[in-house]
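> One structure, as structure tokens, below. Some questions next.
Number of protein chains: 4
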Amino acid sequence: MSPSRLETFADGVFAIAATLLILNVDAQVPGDVGNLGDSLIHIWPSYLAYAVSFVTIGIMWVNHHWVMTQIDRVDRRFLFANIGLLLCIAFVPFPTRLVAEHIRGAGARDAALAYGFTMVATAIMFNVTWFYASVHQRLLRADADRAIVTGISRSYLPGPWIYLGAALVAFVSPTASVLLYLAIAVLYVVESSLFGN
Amino acid sequence: MSPSRLETFADGVFAIAATLLILNVDAQVPGDVGNLGDSLIHIWPSYLAYAVSFVTIGIMWVNHHWVMTQIDRVDRRFLFANIGLLLCIAFVPFPTRLVAEHIRGAGARDAALAYGFTMVATAIMFNVTWFYASVHQRLLRADADRAIVTGISRSYLPGPWIYLGAALVAFVSPTASVLLYLAIAVLYVVESSLFGN
Amino acid sequence: MSPSRLETFADGVFAIAATLLILNVDAQVPGDVGNLGDSLIHIWPSYLAYAVSFVTIGIMWVNHHWVMTQIDRVDRRFLFANIGLLLCIAFVPFPTRLVAEHIRGAGARDAALAYGFTMVATAIMFNVTWFYASVHQRLLRADADRAIVTGISRSYLPGPWIYLGAALVAFVSPTASVLLYLAIAVLYVVESSLFGN
Amino acid sequence: MSPSRLETFADGVFAIAATLLILNVDAQVPGDVGNLGDSLIHIWPSYLAYAVSFVTIGIMWVNHHWVMTQIDRVDRRFLFANIGLLLCIAFVPFPTRLVAEHIRGAGARDAALAYGFTMVATAIMFNVTWFYASVHQRLLRADADRAIVTGISRSYLPGPWIYLGAALVAFVSPTASVLLYLAIAVLYVVESSLFGN
């Protein structure tokens, strides 16, 4: 099988999951709102959550794109691993809404945990997908770039632990936990803009 | 006509149907929920239903992908058969929500039946699509792999009966019926991971 | 510009518009429904409306596909005409829901008219798109098939009138009007399955 | 990295954002509406808002398409700039609903401002994306058309200011502001249909 159809399907899921995020913002402003301006300002966590999740899904898309440049062919197991990965990514809009809605209320801790555990699961699936393909060069191109392959491995391994750490911070301060999710996305963009290619 | 645009359209429907499943989970947690943590735990059937349907749609996508590797060209009848197939697949989010919402209530049997009948219809359409293309090698590539063609035929034929059986179990036990839907997906992934290519 | 990116965008809109139709069915069954089985039977017009609109959008996708096989290049005006066409197609889920919800009630006539006028607008945009591309062979391939080009022109011209006729029937009988929309889709599939290629 | 996967992802976001607009129209007609015909006429601003936003997103898609024809390769920074751009475009359905719902009420000014600021942000991101790629020919094709490159630069620079102006008009007259958004889209289509290629 060729990798191109996997890319079409994956790009579809990435694009839809990212674009559906706006429904969460939309649902925060009911039709019979009192003062629209106040309401639009009051829901500022929704905008921030929208931006963080959109950029995070965008980063995942860039990563997937980057992995696929090193892949020569796909097999059933790799396709199923990708389905598991996409299952996690398509889940992101749900905890995003929870965080946007509850970060200022009693549900802040549980919302931050839900977001973090979704990210941990996603990071684990990125590792499963990548190491299945790369161990013993199983699915890699014959001319796969050794430096890129090692670089991906090194950057994926700490992913689940970083998000687990950020999630557990929610037991102390849900706000700090959510700021860490934001910081992870911002740092990733800055770092790979400076040093990536 | 070339098969590539059919793949783009089909991949779009597969990706959207799978990604829309999260809206069902989302709708289970109203904005004014009491205790968010309790609520997130209480809706566990939604997570399971999400995962089963996402993986089931993913399996169907892999199957469609696999069929298309053997197809040389498409004609109008084949396109219409595919539209019928995609019509069934795009329907899946609806019975998925019914199962998630009703499996612990009075509507369990009807929800399990709705899910099962959708799967039966989908499996029938997979057969219609495949046998239209493969009988007398109508649309197959000249170098289509005989073993693969026979393998697809053999694996598609029992599909509707398996799902019909699982659906009818709902008259005895809706929970058992739903566990069978889960088992079918898991077995398929395990089996074709071990023996597929 | 090459036509391929127009196809990607158009296929996206076709696939999403078709897949969103299931949200209309879903919205007909509230979470706190009394008897689920009765409710699932009671909403049968939703299933029919879903199927008719899905197949109709599918037919439009096949037509668009068919037109594009004759197109060599695209210009800005052709892209804008396509955006107008896709605007109409993306609108279809709305009147579909109206018909499903109101065909047995006081709003039957208005729902049937809304559906019909959407189809008239879509058929007009198909003509605009096609004749802009085909008059004086403006955007056609040098080796465009004369018989196919004439065939498309002949089949597109009556489209708006047929749907206008079916829409106006709603003033006498909304049900008859809706049955005509169904008949148009069925006849198209049957006819082009028998005589198309 | 090759630009083609960026196009697939971007086309997905464009197509979904445009197609989701119909959900805003749909939400304006509740299921238990009194007189359906009156209700369908009463929500006319929704149709206009739908058309303006659909065409505006379509114009953005044409522009993105046009930029990409001049691009030879993409790097991480360009991908992230595109994610920022798509984040703005996927946001459009939200202010579109606000305008449709509030333009005749007390929230008219705030809705018009929300729409305008979204467009300003989108126009800024178009500039960021384009000038990152084109300054010093960083990512342009070796044979990029000098006239096209200069033309894009010249047409993008005033974009944010034009939309800022139209937005600020909302402090005097929200209706005039919204009519300007409409006029910008119409003028763009007419102008580039006449002089574009």
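Chains as they are written, first to last, in the working numbering: chain A, 48 to 244; chain B, 48 to 244; chain C, 48 to 244; chain D, 48 to 244.
Ideal Cβ placement from N, Cα and C applies to all residues, glycine included.
1) Could you check what DSSP says for D/Ile-150 in three-state terms: helix, strand or coil?
2) B/Ile-118 bridges to which residues according to DSSP?
3) Classify C/Asn-71 as buried or exposed, calling it buried when 16 or more other Cβ atoms lie within 10 Å of its own Cβ.
4) Could you tell me which whole alpha helix (DSSP H) segments of length 4 or greater appear in the stretch 54-141 of chain D?
5) Tell me which residue opens and which closes the alpha helix (DSSP H) that B/Ala-175 is part of.
6) Go ahead and label D/Ala-170 buried or exposed: buried means 16 or more other beta carbons lie within 10 angstroms of its beta carbon, across all protein chains shown.
7) Considering only their Cβ atoms, is the gap separating B/Leu-145 from C/Leu-83 smaller than 8 Å?
8) Starting from C/Pro-207, trace the alpha helix (DSSP H) in both directions and tell me its first and last residue.
9) Whole angstroms are fine: how far does the CA of B/Ile-90 sit from the CA of D/Thr-165?
10) Please list the residues of the stretch 103-125 of chain D that have a C-beta atom closer than 7 Å to any C-beta atom in chain C, keeping them in chain order.
11) Which class does D/Pro-50 belong to by DSSP, given the choice of helix, strand or coil?
12) Within this structure, are the beta carbons of B/Met-107 and B/Pro-50 separated by less than 8 Å?
13) Measure the Cβ-Cβ separation of C/Leu-117 and C/Ile-195 and say whether it is below 8 Å.
14) Report the option in D/Val-109, D/Asp-79, D/Asp-73 and D/Gly-78 whose CA atom is closest to the CA atom of D/Pro-92.
15) Counting only Cβ pairs nearer than 7 Å, list the residues of chain A close to B/Ile-90.
16) Assuming contact is defined by CB atoms lying nearer than 8 Å, are B/Leu-53 and B/Asn-129 in contact in what I supplied?
17) Give the C-beta separation of D/Ser-224 and D/Ala-159 to the nearest angstrom, bearing in mind that I take them to be a contact with Cβ-Cβ under 8 Å.
18) Taking the C-alpha atoms as reference points, what is the distance between B/Thr-55 and A/Phe-218?
19) Buried or exposed for C/Arg-193, going by 16 or more other Cβ atoms inside 10 Å?
20) In angstroms with no decimal places, state the Cα-to-Cα distance between B/Ile-69 and A/Tyr-235.
21) Just reading off the alpha helix (DSSP H) that A/Val-236 is part of, what are its end residues?
22) Please classify A/Pro-77 as buried or exposed, where buried requires at least 16 neighbouring CB atoms within 10 angstroms.
23) Going along the chain, which residues of its own chain have a beta-carbon closer than 7 Å to the beta-carbon of B/Val-60, five neighbours each way excluded?
24) Which one of C/Ala-191, C/Tyr-162, C/Ile-199 and C/Asp-157 has the shortest CA to CA distance from C/Thr-176?
25) Does the distance from the CB of D/Leu-87 to the CB of C/Asp-157 come in under 8 Å?
26) Would you decide whether C/Ala-161 is buried or exposed? Buried here means 16 or more other CB atoms lie within 10 Å of its CB.
27) Answer with yes or no whether the minimum CB distance from A/Leu-67 to chain B is below 8 Å.
28) Would you say A/Asp-157 lies against chain B (beta-carbon separation less than 8 Å)?
29) Enumerate in chain order the residues of its own chain whose CB-to-CB distance from B/Gly-206 is below 6 Å, with the five nearest sequence positions on each side excluded.
30) Name, please, each residue of chain D whose Cβ falls closer than 7 Å to the Cβ of C/Ile-63.
31) Compile a chain-ordered list of the residues in the stretch 199-215 of chain A whose CB is closer than 9 Å to at least one CB of chain B.
32) Beta-carbon separation of A/Tyr-228 and A/Ala-213 under 8 Å?
33) How many angstroms separate the CA atom of A/Val-36 from the CA atom of A/His-149?
So, to answer that:
1) coil
2) B/Leu-187
3) buried
4) 83-89, 91-115 and 123-138
5) Note that residue 175 of chain B is Val in the sequence shown here, rather than Ala. Per DSSP, B/Val-175 belongs to the alpha helix (DSSP H) from 155-181.
6) buried
7) yes
8) Per DSSP, C/Pro-207 belongs to the alpha helix (DSSP H) from 206-215.
9) 36 Å
10) Gly-105, Trp-108, Val-109, His-112 and Thr-116
11) coil
12) It is not a contact, given that the beta carbons lie outside the stated cut-off.
13) Correcting the residue type first, residue 117 of chain C is Gln in the shown sequence and not Leu. In contact: C/Gln-117 and C/Ile-195 (Cβ atoms closer than 8 Å).
14) Looking only at D/Val-109, D/Asp-79, D/Asp-73 and D/Gly-78, the smallest Cα-Cα distance to D/Pro-92 is reached by D/Asp-73.
15) Here the premise fails: no neighbours, minimum Cβ distance about 10 Å.
16) yes
17) 4 Å
18) 45 Å
19) exposed
20) 26 Å
21) Where A/Val-236 is concerned, the enclosing alpha helix (DSSP H) stretches over 221-242.
22) Exposed is the call here.
23) Leu-133, Ile-136 and Ala-137
24) C/Ile-199
25) yes
26) buried
27) It does: the Cβ of A/Leu-67 has a partner Cβ on chain B nearer than 8 Å.
28) Interface residue, yes.
29) Cβ neighbours of B/Gly-206 beyond the five flanking positions: Ala-170.
30) Ala-62, Ile-63 and Thr-66
31) Legend: CB atoms of the stretch 199-215 of chain A lying less than 9 Å from CB atoms of chain B are not found in any residue.
32) yes
33) Coverage of chain A is limited to positions 48 through 244, which leaves residue 36 of chain A absent and any answer about it impossible.
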